[in-house]
Structure formats: C-alpha cells, structure tokens
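At position 79 of the sequence shown the residue is numbered 79 (the working numbering), and the sequence of numbers has no breaks. Glycine included, each C-beta is placed from N, C-alpha and C at the ideal position. Because the structure is a prediction, the values reported are computed rather than measured.
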Amino acid sequence: MIKNEKIHIMSAGENVHNTFPIAIYNISPASEVYVIAEKRIYEDTDDPKNQKTRENIRRSIEHLKELATPIAQKGVHEIIIEADTLDHIKEAVFEIYKKSPHAKYYFNVSSGTKALSIGLFMMALWFEATPYHINIEKIAKTISIPKVHIEDFQANPNRVTILRLLDEQKPSDDENLKKMPRKSLFEKLSKEYIPIRDKKRADRNLKDGVFNSLTRDLLNWNLIDERHIEGSKKEKEYILTSDGEFTLKFVSLKGK
Numbered sequence: 001m002i003k004n005e006k007i008h009i010m011s012a013g014e015n016v017h018n019t020f021p022i023a024i025y026n027i028s029p030a031s032e033v034y035v036i037a038e039k040r041i042y043e044d045t046d047d048p049k050n051q052k053t054r055e056n057i058r059r060s061i062e063h064l065k066e067l068a069t070p071i072a073q074k075g076v077h078e079i080i081i082e083a084d085t086l087d088h089i090k091e092a093v094f095e096i097y098k099k100s101p102h103a104k105y106y107f108n109v110s111s112g113t114k115a116l117s118i119g120l121f122m123m124a125l126w127f128e129a130t131p132y133h134i135n136i137e138k139i140a141k142t143i144s145i146p147k148v149h150i151e152d153f154q155a156n157p158n159r160v161t162i163l164r165l166l167d168e169q170k171p172s173d174d175e176n177l178k179k180m181p182r183k184s185l186f187e188k189l190s191k192e193y194i195p196i197r198d199k200k201r202a203d204r205n206l207k208d209g210v211f212n213s214l215t216r217d218l219l220n221w222n223l224i225d226e227r228h229i230e231g232s233k234k235e236k237e238y239i240l241t242s243d244g245e246f247t248l249k250f251v252s253l254k255g256k
C-alpha cells in the first residue's frame, strides 16, 4: 500500500476530465483514480441528443485517462456498472474499498446522472470519505457531512449548553468568530452543569476530566474548534463552527 494513499472516485459525465485537475489542486492529490460509468453510455441510440451525450462522456473518460495516468501512481481505472441504481453503485465502490481499506477517499459527484452522483454521495457517508463538487464556475467545494447523530448529541444536555454559551458570544471583530477562552467556558458551564451518570451523588461539581470529555466529543463531531490563544502556548480557546451553530439551531427548534 502506498503511504498516505488518496483515492478519487468520480462519477462519469461529459466534463469529468475537466473536473480532475481542479480537484487535485484544490481538494487533494490523487494516488489512484476510479471513474464509475453506466453500461448504457457505450450503447448507441437512435436519439441524436442522447447519442451525442454518450459520445461526449466516452471522450471525456478517455481524456481523463490520458490526463490522470501520469499523475496517479496506481493508475486510472474505469468501472462499468449495469445501471445507476444504488445496489450497483454499492457493489462497485465496495470492491474498490476492499483493495485499499486504509486509504483516504474522495468522491467527485460533479458529473454523471443524478442517481449516480447521489449514490456516490451516500457511499461517501458509509466510508467517512470526503465528497466534493465542482460547479460551473470551476470552483471546487467539499460537501460537509454531519459527524453526529442528534440522539447522541442530545443524550448529554451539557453539550447543548456548551454550544449555547459559545453562540451567546459576540463575534470577534477580526475573524467574525464566536469564541471563548477555555477557562471562561469551564466557569460558565460549571454554573449550569447537570450530572448525567450519578444524579444522586453529593458532589455535583463539574470536574476537569468531565469537561475535557464533553469538549472532546464536540471536537470529534466538528461542532467546535480548538486552538491556542494568540500569544500563549498553554491557554486555549473554543470556537463555535458552522456545523455547531446549525446543530444548536436544529436542536432548539426540535425542542419547541
């Protein structure tokens, strides 16, 4: 296995060869490339419009192979599926994954049919891959995938409190971020802390280890970010992410 192997899986379309250079420069380099295409694009049709589209897709795939082969160390591969159904897409992607289960995966859902793009996006959820899209302005954007199940998040109300405390902060003038020093967040949470595991215990104060566990969960779910305060090597601050802000809005609305 290539160290730090990065695999791009692409849905076949008329411009798949154009999206590849943008992807490797703006999303991630590629050590191996797979393009998934439907069987029917290699079948001729009497419909002039559909025939032209299929020929364009064929040419685009050939251009992709020519372009990507010198770049991708492990090659460029075309996978033909019977139809753009979820079952066929699942099978194709799983076969790729079996060969390199430890690689980092990137799913290009810019081209191909809607069903094929949606199918690849769903597989990206299974593999914790990075799906991305390249729009008509040729701008590459990753598609954010929620890392938290709402039930898990709500299982501990202190997580909601942390997000709310951060959300109540006035955005910084320089970065427009809602943030708070760790010490301040700990003190504010201590006043509202709700013990979860043993509500009957005499000592119901927030402990440092519990606070670390709460923030670690939120960090893993990309609901908050953490960094050292400028000018300090020890003091940290927590920042509310866009996913965290959305999660708080969703949970607040759901609770009404």
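With distances taken Cα to Cα, identify the nearest neighbour of residue i among the options.
i: G112; options: A30, K99, R159 and H17; result: H17
i: L64; options: Q51, E32, V93 and V160; result: E32
i: L165; options: D174, E175 and K188; result: K188
i: T85; options: P70, S60 and M122; result: M122
i: D152; options: E235, W221, I61 and I9; result: W221
i: P157; options: A129, S190, K179 and S144; result: S190
i: I145; options: A129, E91 and R159; result: A129
i: K236; options: H8, L125 and K179; result: K179
i: D211; options: I71, A103, K39 and R159; result: Correcting the residue type first, residue 211 is Phe in the shown sequence and not Asp. Checking every option, the nearest Cα to that of F211 belongs to R159.
Nearest-angstrom Cα distance between residue i and residue j?
i: R54; j: S117; result: 17 Å
i: P195; j: R204; result: 6 Å
i: P21; j: K183; result: 45 Å
i: E137; j: N4; result: 30 Å
i: A37; j: T142; result: 22 Å
i: P101; j: V93; result: 11 Å
i: A155; j: K170; result: 28 Å
i: R216; j: E82; result: 44 Å
i: I150; j: V251; result: 8 Å
i: I89; j: K147; result: 23 Å
i: Y238; j: L253; result: 24 Å
i: Y42; j: K49; result: 15 Å
i: K99; j: I24; result: 22 Å
i: L214; j: E230; result: 24 Å
i: D44; j: L67; result: 26 Å
If I'm right that residue i touches residue j with Cβ under 8 Å, what's the distance once you round it to whole angstroms?
i: E78; j: V35; result: 5 Å
i: L185; j: I162; result: 7 Å
i: L240; j: D167; result: 6 Å
i: I259; j: E14; result: Coverage of the chain is limited to positions 1 through 256, which leaves residue 259 absent and any answer about it impossible.
What three-state label does DSSP hand residue i in the structure shown?
i: Y105; result: strand
i: K237; result: For clarity, residue 237 is Glu in the given sequence; the question names Lys instead. Strand.
i: K178; result: coil
i: P70; result: coil
i: V148; result: coil
i: K170; result: coil
i: I2; result: Confidence in I2 is poor, its pLDDT being 49 and thus under 50, which makes the residue's placement too unreliable to answer from.
i: I196; result: coil
i: P29; result: coil
i: K138; result: coil
i: I22; result: helix
i: S11; result: strand
i: I143; result: coil
i: A37; result: strand
i: E187; result: helix
i: K249; result: helix
i: I229; result: coil
Within a Cβ cutoff of 8 Å, which residues of the same chain sit near residue i, ignoring the five residues on either side of it in sequence?
i: L219; result: D225 and E226
i: Y97; result: Y105 and F127
In its own chain, which residues sit with a C-beta less than 7 Å from the C-beta of residue i, not counting the 5 before and 5 after it?
i: S28; result: K6 and Y106
i: V109; result: S11, S117, L120, F121, P131 and H133
i: T19; result: N108, S110, S111 and I134
i: N26; result: A140
i: I2; result: Reliability of the predicted coordinates at I2 is poor, the pLDDT of 49 falling under 50, and the value obtained from them is presented with this limitation in mind. The residues are S31, Q73 and K74.
i: T69; result: G75 and V76
Who are the near neighbours of residue i in its chain, counting only those whose CB is closer than 6 Å to its CB and skipping five residues on each side?
i: A115; result: D84
i: I9; result: Y34 and F107
Hey, would you say the C-beta of residue i is under 8 Å away from at least one heavy atom of the ligand GTP?
i: D174; result: For the structure depicted, the ligand GTP is absent and the ligand set is empty, with no information on it obtainable.
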